[in-house]
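First the structure, in the form of structure tokens, and then the observations on it.
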Amino acid sequence: MLDAFGQPQSIVVLGGTSDIAGAVVDRLCARRCRTVVLAGRDPARLRDAAARATRAGATQLSEVVFDAREVTAAGTTVDRCFDAAGDVDVVLLAVGVLSGRDNELDAAHAADVAAVTYAWPVAAATRAAARLVDQGYGRLVVLSSVAAVRVRRANFVYASAKAGLDAFALELADTVRASGVTVQVIRPGFVRTKMTAGLPAAPFATTPAAVADAVVTGLATTDTVIWVPQALRWVFGVLTLLPTAIWKRLPG
Amino acid sequence: MVEPRSREELRHLLDATGPRVDTSSIIARGLGRSYGDAAQCAGGRVVRLQGSPHIGAVDANTGTIDVEAGVSLDALMRHTLMRGWFVPVTPGTRQVTVGGALAADVHGKNHHRDGSICAHVESLTLESPAGTFEVGPERDPELFWATAGGMGLTGVITRATLRLLPVETDRMVVDTDRFDDLDAVMAAMEEGDDRYRYSVAWVDCTAGSRAGRAVLTRGDHARREDLGPVRRRPGARGSSGLPATRLGVPHRLPLHPLNGATIRAFNEAWYRRAPRQRRDEIQPLGRFFHPLDGVADWNRLYGPRGFVQYQFVVGPTDGALVRRAIELFSSRALPSFLAVLKRFGPGDPGPLSFPMAGWTLAVDLPVGPELLPRTLDELDELVAGAGGRVYLAKDARLRPELLAAMYPRAGDLARTRRRVDPAGILRSDLSRRLSID
Ligand SMILES: Cc1cc2nc3c(=O)[nH]c(=O)nc-3n(C[C@H](O)[C@H](O)[C@H](O)COP(=O)(O)OP(=O)(O)OC[C@H]3O[C@@H](n4cnc5c(N)ncnc54)[C@H](O)[C@@H]3O)c2cc1C
Ligand SMILES: NC(=O)c1ccc[n+]([C@@H]2O[C@H](COP(=O)([O-])OP(=O)(O)OC[C@H]3O[C@@H](n4cnc5c(N)ncnc54)[C@H](OP(=O)(O)O)[C@@H]3O)[C@@H](O)[C@H]2O)c1
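Top line first, the protein sequences correspond to chains A and B. Each residue of the first sequence is one higher than the one before, counting from 0 in numbering that gives the first Met the number 0. Each residue of the second sequence is one higher than the one before, counting from 0 in numbering that gives the first Met the number 0.
Right, dumping it as structure tokens:
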């Protein structure tokens, strides 16, 4: 169950090998979380993530293997996670792949990014929300990105997928609100993780630890959107108003 | 939420074996005044007894009354006071049901003398999945005590026979003392509580160096001669000593009306308002027992994120832990409003019943400060280490690992539960969170 501070005793992590998710699980297990279900594509890395969760205090571990390019299997994957967990207090959706400038016109790459960053997360979030509604309570946390707020050329396939996912999640939040289930959208700026390895850091760059802190404190609130760092909320408030010609000339 | 209209409907809801059964979790709810998740059951069913307005007569020979469990203590008090009887135990609000009061084995300002409410129960009727049980301290004591303080986890209490307290008036005779520090008030309570039926101290947990200053109020029911020439019978001229709720809190309050500064100001005013010492003041019952019931929806004062209540008890020689708790709240600037300190007498045999001999401190803490969850976790460890416990009726955040240390007889409850609820359908969010089987 969730306690008075929104702290879970059980979590399902879709994208269980994500650097950001790992930092979240560390913190939750240091508090109340004991049951952890990690879903990911690579069994070896999943085992490492499970070992890390155990060190943090988890006592009931399960691993579920899936590939997010298989969009139609998303519902089944989520069901396996729920069935392994029992009561699920929090679902963290952290699956995604970044696109770059090297293969902007590669259709197969675009299809993969769109599937992994948009289509699979949408299908999985839908199933997770339905399971939480059945259960009568729970929180779905969706890792979106500031990239969703104004799409940039540098990673526009990824960013447009995040824009779609972000918009979807906000409506999903409204759809389930009356049932006692809550959906929270996290919008981090540039985070130094394996996803961004080798890329030059953008302004307001942050760390998985800082994002995880924001997720954990966010659990105590009913805020629908959480920006990390918080200042980005105001920065993007302004950036979204910039004329396109100026927006295009901004560095990063 | 389901409201059965008859005993048959209630039995049907609890039936976990027949054909066509809904075996989802089920738990009883009274007036929902427990602060935590004890009367909630996400995804399951919450049973509310339809409060029947009918309250039977007091048996003048035995001083007992038969009441339905859905009746509020407020209604019961209004009914019995007119006839010269008072409820044996009343918590800090009258807006609780008899069922909820028994399920939490509630305590009042008279615990040091009279114990908690289940010490004043002759018998009760319990509807469980396995059947209907008539129990009391002599009749099936195992099930009676598992139900007393059992947080609804043995079934739905539908009726009880309570022993009442005879009173001559609807007034209280009250002594008030103000103390500059915690040691002084605790010494005064140890020394003098036994001379009063009711005793409780309010302690300031906010004000840095002034943390620990306290206002102690103690009293007894006024006798007729205490009131002087205007002899007041209970309920004379329509008065029952219980005011109707007044002073509503406006709906549209600014976000955090009770922040550190307003709480400090409130505590300052509360302390200043109290006389250094006053003797034999005559007060209406409502003001003495239920000052908060005068403010409708007072808990909205805490803003939309609400607050947590933290109440613990430690043994008579562990008073230092009370000091430690107050130091932690004040040094970490965790604003707290209305910290209440009281001495308990011996507890009763209920495996989940909260009271035990010693010191109890209850605080209201607005949710928000980042240090709050960790601070309460630290206090839990200290309390459990000292053989104390936290009050489950107010809990919404205890770490499940500590339950067994705090309630070492919780295992007895599990055995009784298997007897009356073999399929394990009686569950609440509290029992799920703390893994109470
Ligand atoms: C302002 C305030 C002051 C308070 N002061 C005190 C105090 O001084 N001392 C004290 O002991 N407590 C105090 N409390 C706590 C309160 O007395 C208890 O939480 C009490 O149980 C609430 O009763 P309720 O009818 O609202 O029950 P609920 O909150 O609805 O339920 C409480 C528990 O009782 C169970 N329950 C309810 N009805 C039944 C039934 N018919 N059969 C079986 N189980 C049932 C529920 O399942 C749940 O576990 C205070 C609460 C408030 C809000
Ligand atoms: N890093 C940033 O700057 C940043 C900023 C804003 C938002 N985010 C978002 O935060 C989330 C977590 O990202 P992160 O930074 O922690 O990076 P990450 O470690 O790369 O996490 C991405 C997760 O998605 C999984 N994944 C990728 N492709 C998959 C596939 N085909 N099938 C199944 N799983 C697949 C990854 O699995 P593997 O471990 O096996 O690769 C990993 O678990 C992502 O949604 C990301 O978009 C990141």
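Quick reminder that beta carbons are idealized off the backbone N, C-alpha and C, glycines included. All values reported here derive from a predicted model rather than from experimental measurement.
For residue i, the three-state DSSP class (helix, strand or coil)
i	result
B:P365	strand
A:Q229	coil
A:Y157	helix
B:R170	strand
A:Q8	coil
B:T22	coil
B:L425	strand
A:A211	helix
B:P87	coil
B:S5	coil
B:I435	coil
A:E170	helix
heavy atom of ligand 2 below 6 Å from residue i C-beta
i	result
A:F189	yes
A:G197	no
A:G74	no
A:I19	yes
A:G14	yes
A:T181	no
A:D41	yes
A:A147	no
A:D66	yes
B:K341	no
A:A93	yes
B:T146	no
A:M194	yes
Minimum Cβ-Cβ distance from residue i to chain B less than 7 Å
i	result
A:G85	no
A:G197	no
A:G5	no
A:G135	yes
A:M0	yes
Neighbour flag for residue i against chain A, beta carbons, 7 Å
i	result
B:D428	yes
B:R431	yes
B:R396	yes
B:V307	yes
B:A41	yes
B:P372	yes
Distance cut-off 6 Å: residue i Cβ against heavy atoms of ligand 1
i	result
A:S143	no
B:G344	no
B:P437	Residue 437 of chain B lies beyond the range of chain B shown here (0 to 436); nothing can be said about it.
B:R32	yes
B:I435	no
B:R217	no
B:V105	yes
B:R431	no
A:G85	no
B:G135	no
B:M150	yes
B:T96	yes
B:R28	yes
B:G99	yes
Ligand 4 heavy atom lying under 6 Å from the CB of residue i
i	result
B:K393	For ligand 4, the structure offers nothing, since it holds only ligand 1 and ligand 2.
Run of the alpha helix (DSSP H) containing residue i, from where it starts to where it stops
i	result
A:T53	P42 to A55
B:V419	A409 to V419
B:D182	L181 to G191
B:H220	Not the alpha helix (DSSP H): B:H220 falls in the beta strand (DSSP E), residues A213 to H220.
B:G384	L371 to G384
B:F143	P140 to T146
A:A127	W119 to Q134
A:T243	T243 to R248
Endpoints, beta strand (DSSP E) assigned at residue i
i	result
B:K341	F336 to F343
B:E280	Q276 to P283
B:A332	Careful: B:A332 lies outside any beta strand (DSSP E) and carries neither H nor E.
A:Q183	V180 to P187
A:T221	Here A:T221 belongs to no beta strand (DSSP E), and DSSP marks it neither H nor E.
A:E62	Q59 to V64
Start-end ranges of the beta strand (DSSP E) lying completely within the segment 43-72 of chain B, minimum 3 residues = Here the runs fully enclosed are 44-47 and 63-67.
ask   = Which runs of the alpha helix (DSSP H), 4 residues or longer, sit entirely within the segment 65-113 of chain A?
value = 73-84 and 106-113
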